[in-house]
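Chains as they are written, first to last, in our numbering: chain D, 8 to 221; chain F, -10 to 189; chain Z, 7 to 305.
Ideal Cβ placement from N, Cα and C applies to all residues, glycine included.
A quick note: this is a predicted structure, and the numbers were derived from the prediction, not measured.
Below: one structure, written as structure tokens.
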């Protein structure tokens, strides 16, 4: 049967895999944000530690996905949990790096202006630095999301579900329809999420910074 | 087990080197085209970026449908993923050349092609090299997935280790990969710095 | 100009890489032996490889752990591999897409004839084992529901989670057919994972039921209960080396070498070998070498 018929015949499976995939991406990027943004703020106040922390996070990034899944499998078994652990770890670097860079690159004159009108450090953080760093942070979230959509396809190997399941079944059985039924939606998902977050980024860029490329 | 590692390391490196060769050839050409033909620069850059967005397992699986199992598929995949850093850096390097240098070359009677080969590419070389460095380091990691579509390399002990939940096996493949990535990154960065210094 | 030396070096490296690519095929008399991606098949593939290396002048390229049935099948059809271990039941229902034949010998005859005719692939002598698909449940499930047959399972299936390797879900003799014939309805979505991970999953209680192979080591290890296929859904699965006919023409000695294994690897033997690899975690190469030495097939 052709690809279209295949998709309509297996529509429910594909939909379930897609939803599970979105779930995996959503949870792990959220965890990544919860860890990275405060950590990035912290590092901007303690710049000497930044080099080391970023290097560690960067090294995690170079470890191949299959390897990290293997580690998580040994520690946590199969299912969503090990997958989420790995994906959350991978989500950290882009967001952390961009949060740190975004805050540290806020021009001194803005901070001084804030101090000049009597803002406390907390106020400067929330009302000057974070808003100005926001485009950079969101860019990091976008990069992170695209990576995670990609890595989440490997998660099917350890029983976490997601669009990877379709690809794995296709690979096992040399069945191109299964492969495409998993590959195409995952690519579309990556593009859509990247576009949405990119749109959000442009929306939230303060007018004064609109010309700056992040 | 470790006696089998050397040929795998060699195969892994070979796959990455072959892929890098082709991606440099293709990437630099595309970068030059984007530079010369202003209408298509956005399309070329956008395409390279779009390829990066496609999930790697998805891309490799789709390539497998066309190229079959084996090293060819992973090499094609690596070439595609290496395009963005190389194309973008070539383009950025070429467009960043100050106009007075281009005018000087034109003044010396050089044709467009001569100007490219004798002035513009050499000046862009540090940036292009930086793109190659990024491509190589990424490829070393992505090449691990080759085992899933029938290619060789260090993915084999890693995958076997995952299947048998054997940490030692996973590490026997993972450690060389990460070490190679760190070593290449270190040395190529050093070369990059020297290239930049000489240009400055 | 400034960067000429660096560019020349890069160019030289690239030319070297290109020349290596071109001379890629390191000829010599070699054959390629592949296998599917689970321990038993990897073990059998390794067994063929070591035998061929010991008894012929041929060099063996191993492509073990390639992937599922169809990956190996495509590879042997287009010559990427020359030999791999296959099962008659699989050949019958998955590749030939025919109905189940319950008589094992008849199944073997039919499959051998059809593979020869349709694909140019020859089945060598059966190894002795009959590794049928079975369903296995945890001891806890067995104690609770007292299930003995697949039909018994139907009544309680909605309380149980089913898990299997990805391949099982796209085969004629797989999930869809099984569920349809018996009217099984498992709890939630079936969990799909890499073939080797099924047993950890059932051991952890992440799944309650799995498709098992009768000779799998972990059945004993996890104290699983194997159920009876009372309606005869799964065909018999004799294992044998299958080989491309052209490879056999080029190297006829392979037939005799590999047929030394005929009948030698029966169910208990295979289960024992699987146990050593899967449960004791020994290296496949070592397990195979020791086995072949014990049978006098290797020095």
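Does the distance from the CB of residue 138 of chain F to the CB of residue 62 of chain F come in under 8 Å?
yes
Is the shortest distance between the beta-carbon of residue 209 of chain Z and the beta-carbons of chain F less than 8 Å?
no
Specify whether the stretch 45 to 57 of chain F and the stretch 121 to 135 of chain F touch according to this definition: at least 3 beta carbon pairs, one from each stretch, less than 8 Å apart.
yes
Taking the C-alpha atoms as reference points, what is the distance between residue 156 of chain D and residue 42 of chain Z?
28 Å
Residues in the stretch 196 to 214 of chain D with C-beta within 8 Å of chain F's C-beta atoms, listed in sequence order?
197, 198 and 201
From the DSSP output, in three-state form, read off residue 30 of chain Z for me.
Note that residue 30 of chain Z has pLDDT 44, beneath the 50 cutoff, so the model's placement of it is unreliable and the number below is only indicative. Residue state, collapsed to three classes: coil.
Please confirm if the stretch 123 to 132 of chain Z is in contact with the stretch 209 to 229 of chain Z, defined as three or more CB-CB distances below 8 Å between the two stretches.
no
Pairwise C-alpha distance: residue 24 of chain D and residue 28 of chain Z:
Because residue 28 of chain Z sits at a pLDDT of 46, beneath the cut-off of 50, its placement in the model cannot be relied upon, and the point is left open.
Would you mind sorting residue 187 of chain Z into buried or exposed? The rule is 16 or more other CB atoms within 10 Å of its CB.
exposed
Does the CB of residue 148 of chain F have a neighbour CB from chain Z at under 8 Å?
yes
Please report whether the beta-carbon of residue 99 of chain D lies at a distance below 8 Å from any beta-carbon of chain Z.
no
At least three beta-carbon pairs within less than 8 Å, the stretch 89 to 99 of chain Z to the stretch 236 to 253 of chain Z:
yes
Please list the terminal residues of the continuous alpha helix (DSSP H) segment that includes residue 224 of chain D.
Outside the shown range of chain D (8 to 221) lies residue 224 of chain D, about which nothing can therefore be said.
Inter-residue CB distance, residue 32 of chain D and residue 120 of chain D (contact presumed, cutoff 8 Å):
With 8 Å as the limit, residue 32 of chain D and residue 120 of chain D do not qualify as a contact, their Cβ atoms being about 39 Å apart.
Put residue 40 of chain Z into one of helix, strand or coil per three-state DSSP.
strand
Buried or exposed: residue 175 of chain D, going by 16 or more other Cβ atoms within 10 Å of its Cβ?
buried
Any beta carbon from chain Z within less than 8 Å of residue 9 of chain D's own beta carbon?
no
First and last residue of the alpha helix (DSSP H) that includes residue 119 of chain D?
115 to 123
At a Cβ threshold of 8 Å, is residue 154 of chain F touching chain D?
yes
Got a sec? Which residues, its chain only, sit under 7 Å from residue 64 of chain Z by beta carbon, not counting five neighbours each side?
35, 36, 37, 58 and 257
Cβ contact (3+ pairs, closer than 8 Å) linking the stretch 187 to 206 of chain D and the stretch 34 to 44 of chain F:
yes
Any 3 or more C-beta pairs closer than 8 Å across the stretch 40 to 49 of chain D and the stretch 104 to 124 of chain F:
no
Less than 8 Å between the C-beta atoms of residue 304 of chain Z and residue 56 of chain Z, yes or no?
yes
Measuring only between beta-carbons, confirm whether residue 186 of chain F sits less than 8 Å from chain Z.
no
Count the other CB atoms, across all protein chains shown, that sit within 10 Å of the CB of residue 238 of chain D; report buried if there are 16 or more and exposed otherwise.
Since the first and last residues shown for chain D are 8 and 221, residue 238 of chain D lies out of range.
When the Cα of residue 130 of chain F is compared with those of F/110, F/97 and F/169, which residue comes out closest?
F/169
Rounded to whole angstroms, what is the Cα-Cα separation between residue 90 of chain F and residue 163 of chain D?
54 Å
Decide if residue 297 of chain Z is buried, meaning its Cβ has at least 16 other Cβ atoms within 10 Å, or exposed.
buried
Kindly indicate which residue of Z/137, Z/96, Z/135 and Z/133 has the alpha-carbon position closest to the one of residue 117 of chain Z.
Z/96
Going by CA-CA distance only, name the one from Z/202, Z/72, Z/157 and Z/195 that's closest to residue 224 of chain Z.
Z/202
Using CA atoms only, rank isn't needed, just tell me which of F/-3, F/13, F/127 and F/147 is closest to residue 67 of chain Z.
F/-3
With a threshold of 8 Å between beta carbons, is residue 158 of chain D in contact with chain Z?
no
Classify residue 300 of chain Z: buried if its beta carbon has 16 or more other beta carbons within 10 angstroms, exposed otherwise.
exposed
Below 7 Å CB to CB, which residues in the same chain sit around residue 185 of chain F once its five sequence neighbours on both sides are set aside?
115
Identify the continuous alpha helix (DSSP H) that holds residue 83 of chain D and give its terminal residues.
72 to 83
Using the Cβ count rule (16 or more neighbours within 10 Å means buried), how would you classify residue 33 of chain Z?
For residue 33 of chain Z, the pLDDT reaches just 46, beneath the cut-off of 50, and the residue's location in the model is therefore unreliable, leaving the point undetermined.
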